[in-house]
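**Q** Take numbering that gives the first Met the number 0: the final residue in the sequence shown is number 158, and no numbers are missing along the way.
Backbone N, C-alpha and C fix where the C-beta goes; we use that ideal spot for every residue, glycine too.
Treat the numbers as computed from the prediction; the structure is a model and nothing was measured.
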Amino acid sequence: MSHILWSNIFNRQPSELHSIVRLWQGTPLFESIPTRHIEFLASKMHIRNFTTDETIFQQGSQGAGTLMVLEGSVRIMANKTKLALLEVGDFFGEIALAEPENRTADAYSVGNSRLVYFLKQDLEEWIEYEPRLGARFLMNLSAILAKRLFEANKMIAAQ
């Protein structure tokens with residue numbers, strides 16, 4: 000892994016990198032993580048374009064990381080039930096950052112969409128280099144997963 004101060008964080012257009020960083024800063028995943036570290040991580044993230052109704056991933060497929068909507072929107076479905084409609088700045092698939100388990104739902108692009116992938120492998124390398132901030136990130140991730148589990152339990156109990 001290259002040193003954070005010497006890495007080229009401008010591999011992409013600076014405005015695109017800035018947009019990605021700004022969107023991640025607006026999520027609870029990166030709460031209390033300094034901007035320069037988000038910039039470093041964002042410089043390693045992968046962007047992919049999807050067309051209308053294109054499958055992003057299917058339930059049961061192996062997860063490698065989390066995704067965030069840069070443009071467009073994403074529909075999350077499980078067993079033909081719509082779970083969510085995600086818009087710009089929303090992220091999903093974060094369970095894969097904790098454990099590369101199989102995906103628990105299907106994800107489809109609604110219209111043309113651009114997504115950014117944050118891979119577990121990149122997170123693990125960063126944690127080795129920045130263990131204190133890595134611990135903060137993992138606490139943020141734990142809080143998000145706990146909140147989503149709590150909400151899911153409430154929905155099940157209400158049925």
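Report the rounded CA-to-CA distance for tyrosine 128 versus proline 33, giving the unit in angstroms.
**A** As a first step, residue 128 must be located in the sequence shown, where it is residue number 129. As a first step, residue 33 must be located in the sequence shown, where it is residue number 34. One C-alpha to the other measures close to 14 Å.
**Q** Across which residues does DSSP place methionine 76 in a beta bridge pair?
**A** Translated into positions along the sequence shown, residue 76 becomes position 77. Methionine 76 pairs with Lys81 and Asp105.
**Q** Is it true that the CB of leucine 40 sits closer than 7 Å to the CB of tryptophan 125?
**A** Here the question's residue 125 lines up with position 126 in the sequence shown. Here the question's residue 40 lines up with position 41 in the sequence shown. Yes, the Cβ-Cβ distance between tryptophan 125 and leucine 40 is below 7 Å.
**Q** Using DSSP with H/G/I as helix, E/B as strand and the rest coil, what is glutamine 120?
**A** Taking the sequence shown and counting its residues from 1, the one referred to as residue 120 is at position 121. Glutamine 120: helix per DSSP, three-state reduction.
**Q** Round the Cβ separation of phenylalanine 91 and alanine 106 to the nearest angstrom and send it over; I've been treating them as touching at under 8 Å.
**A** Indexing the sequence shown from 1 puts residue 91 at position 92. Indexing the sequence shown from 1 puts residue 106 at position 107. Rounded, the Cβ-Cβ distance is 7 Å, consistent with contact.
**Q** Do arginine 102 and phenylalanine 56 have their beta-carbon atoms positioned less than 7 Å apart in this structure?
**A** The residue labelled residue 56 in the question sits at position 57 within the sequence shown. The residue labelled residue 102 in the question sits at position 103 within the sequence shown. In this structure, arginine 102 lies closer than 7 Å to phenylalanine 56 by Cβ.
**Q** Alpha carbon to alpha carbon, how far is leucine 144 from glutamine 120?
**A** Counting from one through the sequence shown, the residue named residue 144 turns up at place 145. Counting from one through the sequence shown, the residue named residue 120 turns up at place 121. Computed Cα separation, rounded: 19 Å.
**Q** Identify the continuous beta strand (DSSP E) that holds threonine 160 and give its terminal residues.
**A** The question about residue 160 has no answer, for the chain in this structure spans 0 to 158.
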